[in-house]
Amino acid sequence: DSLVKTIPVGVTQELIHGDEFFWGELMAAALLGSVPVAVLYSFFVDYFVAGMTAGAVKG
């Protein structure tokens, strides 16, 4: 059932049929799949940088 698949699995199974690629729909799905990650990153970038810096400093 295509309603219970994750976005990457659903996109590849529904929009790639053999050697036929639906590029417009694939790019739209890639954009919609990456927007939530980009939004979350923009809100938590300070914590991300602080964690990377804390892990890189010895002592």
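Residue 147 is where the sequence shown ends in this note's numbering, and the numbering goes up by one at each step. Yeah, the Cβ is synthetic: ideal placement off N, Cα and C, and Gly gets one too.
Residue(s) in a DSSP beta bridge with residue i
| i | result |
| --- | --- |
| E108 | H105 |
As assigned by DSSP and simplified to three states, the class of residue i
| i | result |
| --- | --- |
| V145 | coil |
| T94 | coil |
Own chain, CB closer than 8 angstroms to residue i, minus 5 neighbours either side, in chain order
| i | result |
| --- | --- |
| G121 | I95, P96, V99 |
Neighbourhood of residue i by C-beta, 6 angstroms cutoff - its chain only, sequence neighbours within 5 removed
| i | result |
| --- | --- |
| A117 | V99 |
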